[in-house]
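Have a look at the structure below, then the notes.
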Amino acid sequence: MSSWFLLLPVFLPLVGGLLSYFIVFPSDGSRRWFYGILTVATTALAWMAILRCGSDTFILLRFTDKLTLSFRMDGAARLFAGLSATLWPVTMVYAWDYMRHEKHLRMFWAFFTASFGVTLGIAFSANMMTMYLFYELLTLATLPLVMQPMTSKAIQAGIKYVIYSMSGAALAFIGLVFVIVTDAQDFVIGGHLAGYAGSRTTLLSVFALSFLGFGVKAAIWPLHAWLPAAAVAPTPVTALLHAVAVVKAGAFACIRLTYYAFGPEAVAGSWAQELVMTLAIFTIVYGSSMSLKQQHFKRRLAYSTVSNLSYILFAVSIMTTEALTASFLHLIYHSVVKIMAFFAAGAVLHYGEREYVDELEGLGKYMPVTFACFTVASCALTGIPPFNGFISKWYIALAAVHTYHPLPLLGFAALLLSALFTAIYMFQVVVRAWFPSKEGILPLPGTVREAGALMLVPMIVLAAACLVMGLFPQSLLDLIREAVSV
Amino acid sequence: MLVGIILLPLLTGLLIPHFIPGGRRRRFCFLMASQIVEVCVVTAAVLSGRDYTSDIWRLTESLTIALNLDGVAAVFCLLTVISWLLTLLYSYEYMQHEHGHEANFYTFLFISEGMLLGTALSADFVSMYVFYELTSLCSMPLVLYERTRKAITGAVKYLYYSIGGAFFVLFGLAVLYDNTFTLDFLPGGTLIPGHHTQLVLASIFCIILGFGTKAGMFPMHNWLPTAHPVAPAPASALLSGIITKAGVIGILRVIYFIAGANRLRGTWVQTACLSLALFTVFMGSMMAFTEKNFKKRLAYSSISQISYVLTGLFVLSQEGLMGSLLQITFHAAAKIALFYIAGILICLAGVRSVERFRGVGRRLPVTFGCFVFAALSLVGIPPFGGFVSKWYISLAALDGLPGAFAYLAPAVLLLSALLTAGYLFPPIIRGFFPGADLPESPGDRLREPWQLTVPLILLAAVCGLLGLFPDLLTSVMQRIAGAVL
Amino acid sequence: MSFVQNFPFFSVILSLLCAVTSFFLDARWAKRLTLFLLCTSIGLQGSVLSFCYRNHMSYEYLMGHFAAPWGNEIALGILEPLFALLFATVMLCCVLGGIKRMERDVFPGKQSYYWIMVDLAHVSLLALCYTNDIFTGYVFIEICTIASCALLSIRENGRALIAAVRYMVFALIGSGLFLIGVIFTYSITGQLLFPQLYETIASLWEAGTYRFSMTIAIGLMVVGLAIKSGMFPFHFWMPDTYGRATPASSGILSGVISKGYIFLLIKIIYRVVGIEIFAASGVQTLLLLFGIAGMVAGSVSAIFAKRLTTMVAFSSVAQIGYIYMGLGMGTQAALIAVFFQIFSHALTKPMLFLSASQLANVSGGRQDFRSLCGAGHRHPVAGFTFTVGALSMVGIPLFAGFIPKLYFATSAFGLGWKTWPVLLALAVSTVLNVMYFLYTTILIWLPREEGARNHNRVMPQVETIVPAALLAGFNLMVGIHSSALTALFTQGIDLFCQ
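Protein chains in written order, with this note's numbering: chain A, 716 to 1201; chain B, 27 to 511; chain C, 24 to 521.
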């Protein structure tokens, strides 16, 4: 199948989503049908492309003879697109229930669908220019979603989000220009700049700045503050965008920058690598410690995301093929786990009307399935076998250890410290929910209901996926290994 | 076959407490039956002498779950299933005095047993890590049974310490993955010689610290005194007696089956571990001496006694290993008995603190009789069992340790024994001989239900008999230790 | 000599004629005449442009039959008609878009003067583009100043008048300094026409005589034009001026007239002084530094602005700063970036002013940010064009504003010490732009319930939609198909700098 096919899953939801803003739906049901068909069609197209598309490049637009807007399917694109395409319909089902009683639904659904297309656009980008364009569009497409409740807190969160993201893009822009100038902008595994003959300081400084720039979306310290603020958005948004689409797009962009544009050989062993690795390590510990202090349930999970994203960035900064495999593994696993955790938090918010961790005493009895899934998420996030979190941590650990350098080993230790913190802040909720203290305030019977089927089914599916991925990791591992060598 | 040994308690725990109708007694009968079957199966497997192995699951090319029944595993499994049997009987009566969800208690009790057996039977490091984590996770709910704030805090502390320890182990595991020929447990070790020696040594030390968390070794011992007083007595008994030994078995496996005793002998790792273990021996006894809450005193005592085992392990000789295996057995017997006694005191006499022991001995004569046996064994007075194990450990230390340690170790062990006597004998004496100046009459003789006392008597008997006639046991342990080194 | 080559001359004469005729007509007919003039001018410049492009030629055209140094001539290749075309188009859109507002703002009796001034402004821009004589340049600068002041003060609103007077003062200072520079140059070299000036200056510089005076002269000319186009730190007249005028005038002034001065400046740098001498004199570095300062200072002031049009005006300061930074970089690649920036800003800024005024209209005529909440829902077309303008200013790809940013950054590499200041300035400026432009865009699209005032939805009229939409369309076209323009610029520069 030729590469022009890649345009379909990108532009169908993008254009369809934006145009659907103007459609007035007669009923809830018709709206669900419309968006359901649109999203599922996009997923189907995306998967068809993943499975069948060849690896030729399709040029959509030419800015100049060197600068083009092009799309191409390669291994990394398969992984990221597959992840997004699978998780979007799941979230949509969840959102059908969750968003029922919210306002500004037209805006939500329009931009929700449009963001799908933009995320796929990031996945399918063949060069840095295209990825940069879709990166900027992602900020714009997700901005209305962050502000969706339209309370003053939400608006402030949105403004913070846009300022941080655009600042990141401004830094990443320097990297974009550099790879254009050095003819390094097409994505090829191993990058182009290994043999760069010009000033090494310039190369490294540009790399560090662009990594930071793309890292803003991946919530690297000190540019992470937008993520906890964005926890005021409705849960489907926080779950999907801030566990999957936006933040993983940031991590994906960092991967593309390091391994496919610059190339690990160009940067490995330099001060830029150490700087980036140090920031990632710091974020790992910082995110987890902040989670410990957070009493707001979703914000606790948001800081947990900050920390886990830096697991990926840490792996990226190790700059070996093994590390690349590990980072993709964690990218995929963490998305599944975190989205499920956010779903559970959202169900508690919606059906239990509780936002804070100290109000969760004894809820396990009334919302058993929700909390069972949350327990699975806790085990997976902490890294308890046989769930998938253990596998990805293991491979990151191996990649770090095999460098036999002090900084990656320190990073590994930091990762374990963070995992301990994760255990503490996740299991605090689990224990409180399932084993309420006699002296605690229990919910009155009848005030708390179990979540509806539309919310439960996605959660159960994801929990099962965690277990399955933990028990049968080999196939995904092989897939990733194959993907990163092509 | 080996999978069955693990699966049986697992399924029992999941199904029986929740799905068997008809009341407590009926449920209990089913549980008991299951456990008896388990004991029989394990004994048969051990006695048959065949070498059972099974590969359960292949996660990735580097991570597999496999089981193997060797000498060490046999000791541990037998200890586990027998203790579980006795405790099951004990808890039937004991839990009537507690308030809570009894069904959940039995669920987690049996699941923990399954996971613990898995830890013992693991054929390689990764499998052991998996089962170890699951053991910690599944045994945590046992501690918070009473659902008071303190109980929950204690349980959660236990969980976090265990997970923290597990992560120490994971650090070492990841380093060792590249520096060993295989992560399977092979006697004599599997280290690749000359590969990143210092890093490997450091990682082994990390692993020992990590497993040492479960085993209550300083500096990671702090969860024990918090968790034991709040857990119900049967849970405390098993926690101290068996579950902490999961940490011990971890250390054992790492030292003798991954690193190899020869590799570690004379290194800084051995010195550091010995120092920590000896310090813990002393510190535990010291803290027990000053503690007034009986269960907490027993907890500190466990910390001390388990570090006897660790000392024996760190001597890195066949004698030391043999001594450790003996100490595991005898400590389990004595400590479980002591916790049974503590439980009886709490639920029948309402006594938690040592200060209120006066005259209770008269009211609970059978109990206190067994108390005497267990205490004598724990202190290490011949001809009780504890003496045998401590003797072998001291001997191994004198023979096998270099320089100052050779004398320091037995000295510390002796001192600790004195302290042990100091914290165990006075309560007994006070119990039987309250003194003439007691303000009120202690009370009448209490009824001691057979479900509570029979396990107690059996354990006391073990302490006594196996101390008098240790040869069978010592020869078995010697053979096992010989196979390892 | 093809007939087409006369077109520039025709357009100049036509404009002057229209200006004079409008004096005797009433407002309605004057308006129609001006519109006719602008459309014709577009056609004429377009034809000249395509002629020069197809034949890849530049030529000089004697005005009158007097030879140098007394005679007057114009010179053009590809760039001059291109920019003249741009200016005419943008003026047309501005005028069309702002007609309704202007007819409301201006006293009916005075309206015909407005059209005269538009014609005069147009002719001066044509002259600035085409002239090959430095004194003619000065003359038309003055005509332009007078026209601009009139365009500004025609509103007769108190603050607008004050702003117009301030503008006049600054502008006259600028023209005065320019004149002094011209006089110095003339007295040193004895020439007025560009080619001859170029040769004379080059030889003088070689010889080493009059170097200091030459530098002063160049400096004076540059500063004069800089004041008039609003380079930092001479920009203080801009915010109030643009902010208070009627939108058509703001658009014309910010979008077109300031660019006309800049284009003349570029011509002087490349065709009179010569780029090597310019670089050697140190003025180039000064332009770079002031440009960067302007980028940052303009945006910072915009963040703190209290009114919408004031904010847009400060944004102009920043955008002009980009241009001066580019001129300060001095390479050909940077020059292409400068041209793109001129194009992009000329297309975008008037559109922003037009939309801003329409948004204010539907918010009770108020321009503070609280009243503007939700204005986009009240006037969707204005909201849409404002969003396009904002995104272009921030520099999102696919919009016109991205291209100059890209070219500035690309040309920054390899410039030695200048590389990192330029790159960092671009990054910082983008961030600052986000802070006020995207903030405002979010504000205008907030849902209706949050708005401070509730006004009826205004049905947009065709006259206001079409120009703004046209400009938005051009913006997107430039953003997406910039290669055509790049080709034009590259070829044009070849012809420009022989």
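The C-beta atom is built at its ideal place from N, Cα and C for all residues, glycine as well.
Query - Sequence-distant residues of its chain with Cβ nearer than 8 Å to glutamate 381(B) (five each side left out) - result: Close CB contacts of glutamate 381(B) within its chain, under the 8 Å cut and outside five residues either way in sequence, are with Lys318 (chain order).
Requested in this report: Return helix, strand or coil for phenylalanine 193(C), following the three-state DSSP convention.
Outcome: In the three-state reduction of the DSSP assignment, phenylalanine 193(C) falls in the helix class, which pools H, G and I.
Requested in this report: Measure from the alpha carbon of glutamine 68(C) to the alpha carbon of each residue in Gly353(C), Thr57(C), Ala225(C) and Tyr153(C), then state which is nearest.
Outcome: Closest by alpha carbon: Tyr153(C).
Report task. Please check the pair tyrosine 813(A) and proline 951(A), which I expect to be a contact at CB under 8 Å, by giving their CB distance rounded to whole angstroms. Result -> Approximately 6 Å separates the beta-carbon atoms of tyrosine 813(A) and proline 951(A); this is inside 8 Å, confirming the contact.
Query - Where cysteine 62(C) falls, given that 16 or more other Cβ within 10 Å makes a residue buried - result: Within a 10 Å sphere around the beta-carbon of cysteine 62(C) sit fewer than 16 other beta-carbons, which makes this residue exposed.
Query raised in the report: Any beta-carbon of chain A closer than 7 Å to the one on methionine 244(C)?
Result: Not a single C-beta of chain A is nearer than 7 Å to the C-beta of methionine 244(C).
Query - Bridge partners - serine 840(A), DSSP secondary structure assignment - result: Per DSSP, Phe786(A).
Requested in this report: Please confirm if leucine 1135(A) has its CB atom under 7 Å from at least one CB of chain B.
Outcome: Chain B contact via Cβ: present.
Query - Residues that DSSP places opposite threonine 90(B) in a beta bridge - result: When DSSP reads this structure, threonine 90(B) sits in a beta bridge with Arg84(B).
Query - Cα-Cα separation, leucine 99(C) to glutamine 28(C) - result: The alpha-carbon atoms of leucine 99(C) and glutamine 28(C) are separated by roughly 10 Å.
Requested in this report: Please name the residue, chosen from Gly180(B), Ser262(B), Gly140(B) and Val29(B), that lies closest to isoleucine 362(B) on a Cα-to-Cα basis.
Outcome: Closest by alpha carbon: Ser262(B).
Query raised in the report: Does any C-beta atom of chain B lie closer than 7 Å to the C-beta of valine 1183(A)?
Result: Against chain B, the CB of valine 1183(A) has no partner CB under 7 Å away; the residue lies outside that interface.
Query - Beta-carbon neighbours of histidine 819(A), restricted to chain C and to distances below 8 Å - result: For histidine 819(A), the neighbours in chain C by C-beta distance under 8 Å run, in chain order, Pro470.
Query raised in the report: Buried or exposed: where does tryptophan 294(B) fall if 16 or more other Cβ atoms within 10 Å of its Cβ makes it buried?
Result: With fewer than 16 other Cβ atoms within 10 Å, it is exposed.
Query raised in the report: What is the DSSP secondary structure of histidine 1011(A), reduced to helix, strand or coil?
Result: Under the three-state reduction of DSSP, histidine 1011(A) is assigned to strand.
Query raised in the report: From what residue to what residue does the alpha helix (DSSP H) around glutamate 1037(A) run?
Result: First-last of the alpha helix (DSSP H) with glutamate 1037(A): 1036 to 1066.
Requested in this report: Grab the span of the beta strand (DSSP E) containing isoleucine 97(C) for me, first residue to last.
Outcome: Isoleucine 97(C): member of the beta strand (DSSP E) spanning 95 to 99, first to last residue.
Query raised in the report: From the DSSP output, which residues share a beta bridge with aspartate 901(A)?
Result: Aspartate 901(A) pairs with Asn842(A).
Query - For lysine 875(A) and leucine 421(C), the rounded distance between their alpha carbons - result: Spanning the two alpha carbons is a distance of roughly 24 Å.
Query raised in the report: Taking C-alpha atoms, which residue in Arg793(A), Ala909(A) and Trp824(A) lies nearest to glycine 978(A)?
Result: In terms of Cα proximity to glycine 978(A), the closest of Arg793(A), Ala909(A) and Trp824(A) is Ala909(A).
Query raised in the report: Quick one, are the C-beta atoms of serine 338(C) and isoleucine 241(C) less than 7 Å apart?
Result: Contact: no.
**Report entry** C-alpha distance - valine 392(B) paired with alanine 1134(A), whole-angstrom precision
**Finding:** Valine 392(B) and alanine 1134(A): Cα-Cα distance of roughly 48 Å.
Query raised in the report: From this set, Ser88(B), Arg53(B), Pro47(B) and Ser138(B), which residue's C-alpha is nearest leucine 1192(A)'s C-alpha?
Result: Selection Ser88(B), Arg53(B), Pro47(B) and Ser138(B) evaluated against leucine 1192(A) yields Ser88(B) as nearest (Cα-Cα).
Query raised in the report: Which full runs of the alpha helix (DSSP H) of 4+ residues lie inside the stretch 40 to 82 of chain B, going along the chain?
Result: The qualifying runs are 50 to 74.
Query raised in the report: Do serine 38(C) and valine 146(C) have their CB atoms nearer than 7 Å?
Result: Yes; because the gap between Cβ atoms is below 7 Å, this pair is in contact.
Report task. Report all residues from its chain with a CB closer than 7 Å to the CB of threonine 1097(A); omit the five preceding and five following residues, and keep chain order. Result -> If we look at threonine 1097(A) and ignore the five residues flanking it on each side, its Cβ neighbours are Gly1104, Ala1134, Thr1137, Ala1138 and Met1141.
Requested in this report: Have a look at phenylalanine 1241(A) and leucine 734(A) and give me their C-alpha separation to the nearest angstrom.
Outcome: Any question about residue 1241(A) goes unanswered here, given that chain A covers just 716 to 1201.
Report task. For chain C, find out if any of its Cβ atoms is closer than 7 Å to the Cβ of phenylalanine 778(A); answer yes or no. Result -> With 7 Å as the cut-off, phenylalanine 778(A) counts as an interface residue toward chain C.
Query raised in the report: Name the DSSP bridge partner or partners of methionine 86(C)?
Result: According to DSSP, methionine 86(C) bridges with Asn95(C).
Query - Whether valine 1091(A) touches valine 182(B) by CB criterion (7 Å) - result: Taking 7 Å as the Cβ cut-off, valine 1091(A) and valine 182(B) do not qualify as a contacting pair.
Report task. Report buried or exposed for lysine 290(C), applying the criterion of at least 16 other Cβ atoms within 10 angstroms of its Cβ. Result -> The residue in question, lysine 290(C), is buried, as its Cβ has 16 or more Cβ neighbours within 10 Å.
**Report entry** Whole alpha helix (DSSP H) elements within the stretch 281 to 338 of chain C, 4-residue minimum
**Finding:** Complete alpha helix (DSSP H) runs here, min 4: 281 to 290, 298 to 303 and 306 to 326.
Query raised in the report: Distance, Cα to Cα, leucine 311(C) vs alanine 423(C)?
Result: Within the model, the alpha-carbon separation for leucine 311(C) versus alanine 423(C) is close to 23 Å.
Query raised in the report: From the beta carbon of threonine 86(B), is the nearest beta carbon of chain A less than 7 Å away?
Result: Interface residue, yes.
Report task. Give the DSSP bridge partners of arginine 505(B), in chain order. Result -> The partner list for arginine 505(B) (beta bridge, DSSP) is empty, contrary to what the question assumes.
Query raised in the report: DSSP puts glycine 1093(A) in a beta bridge; with which residues?
Result: Contrary to the premise, residue 1093(A) reads as serine rather than glycine in this sequence. Beta-bridge pairing links serine 1093(A) to no other residue.
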